[in-house]
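Enquirer:
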Amino acid sequence: PFDLKEIVTETVNIVTPMIREKQLDLRLSLDDAIPVPVFGDAYRLKQVLTNIIGNAVKFTPEGSIEIEVKVTGQQYNDIQFQFKVKDTGIGIPVEKREHLFEAFYQLENFMTRKPQGTGLGLAISKKLVELMQGDIWIEESGDPGTTFMFTASFKTSNMEEFNRYDLQQKKNKTDQLRIL
Ligand code: ATP
Ligand code: MG
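The sequence shown runs 60 to 239 under this note's numbering.
#1: Ends of the beta strand (DSSP E) at residue 117?
#2: Which same chain residues, not among the five before or five after residue 175, have their C-beta less than 8 Å away from its C-beta?
#3: Let me check one thing: in DSSP terms, what residues is residue 67 bridge-paired to?
#4: Which residues in the same chain as residue 241 place their Cβ atom closer than 6 Å to its Cβ, once the five residues preceding and following it in sequence are excluded?
#5: Would you say the beta carbon of residue 110 is closer than 7 Å to some non-hydrogen atom of ligand 1?
#6: State the Cα-Cα distance for the pair residue 129 and residue 76, rounded to the nearest angstrom.
#7: Using DSSP with H/G/I as helix, E/B as strand and the rest coil, what is residue 218?
#8: Short of 7 Å in beta carbon distance, which residues of its chain neighbour residue 74, apart from the five on each side in sequence? Order them along the chain.
#9: Cβ of residue 176 versus every heavy atom of ligand 2: is any distance shorter than 7 Å?
#10: Taking 7 Å as the cut-off, does the CB of residue 99 come closer than this to any heavy atom belonging to ligand 2?
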């Protein structure tokens, strides 16, 4: 079990020095409907967030980074989240987006001319997002910069824990009956 809001703020804290150095404006918006805790792999989520937010900061010389997390639906024990990371950076030309999620793909541009990273972040992020029953894509916002969106699904309760509790309750009942 983990606190999703905490994971998001922890990830933001990692890039805070870089944000300060570039004097970027950071806007963080977390849906009040985010339940605490959720069940799932916090490490996976953190890895995706680290890369997407890290990219936003890395490829944004000035302006702002906007991070938004929303609850978009719930079905029984599953809860769906949508993450948005919008920057005012150098942008990614539409014709270059096709191979973006492939391993080692990096764009040639003035900011990446010197080697920076390995070009694996988005490929790994896509795989991890799929493991969280989600999807990742670039949203066309009409504004300069890039907007990455991804979805992920977590559990609101742990079914294994619940079943164990349920079994114990039933056992207690039969024990009581035996005593009677
Ligand atoms: P790594 O994540 O492995 O450290 P990386 O950041 O270069 O390296 P990816 O995260 O896979 O690799 O991103 C691939 C490429 O997509 C980047 O090199 C960059 O050219 C482009 N890119 C990714 N995010 C952005 C963004 N927010 N704005 C502009 N370009 C981006
Ligand atoms: Mg990266």
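Even glycine gets a Cβ: it sits at the ideal position worked out from N, Cα and C. In this text, all values refer to a predicted model and were calculated from it rather than measured experimentally.
Expert: Straight from the coordinates:
#1: For the purposes of this step, residue 117 is taken as the residue at position 58 of the sequence shown. Premise fails: residue 117 lies in the alpha helix (DSSP H), 101–117, not in any beta strand (DSSP E).
#2: Your numbering for residue 175 matches position 116 in the sequence shown. Excluding sequence neighbours, residue 175 sits near 117.
#3: Reading the sequence shown from its first residue, position 8 is the one you call residue 67. Answer by DSSP bridge pairing: none, since residue 67 is not bridged.
#4: Examination of residue 241 is not possible in this model, given that the chain is present from 60 through 239 alone.
#5: Your numbering for residue 110 matches position 51 in the sequence shown. Flag set: Cβ of residue 110 near ligand 1.
#6: The residue labelled residue 129 in the question sits at position 70 within the sequence shown. The residue labelled residue 76 in the question sits at position 17 within the sequence shown. Roughly 26 Å separates the two Cα atoms.
#7: The count along the sequence shown starts at 1 and reaches residue 218 at position 159. Of the three classes helix, strand and coil, the one that applies to residue 218 here is helix, per DSSP.
#8: Start at 1 with the first residue of the sequence shown, and residue 74 comes out as number 15. Cβ within range, chain order: 112, 113 and 116.
#9: Counting from 1 along the sequence shown, the entry for residue 176 is found at position 117. Yes, the Cβ of residue 176 comes within 7 Å of a heavy atom of ligand 2.
#10: Working through the sequence shown from its first residue, we reach residue 99 at position 40. Residue 99: no, Cβ never under 7 Å from ligand 2.
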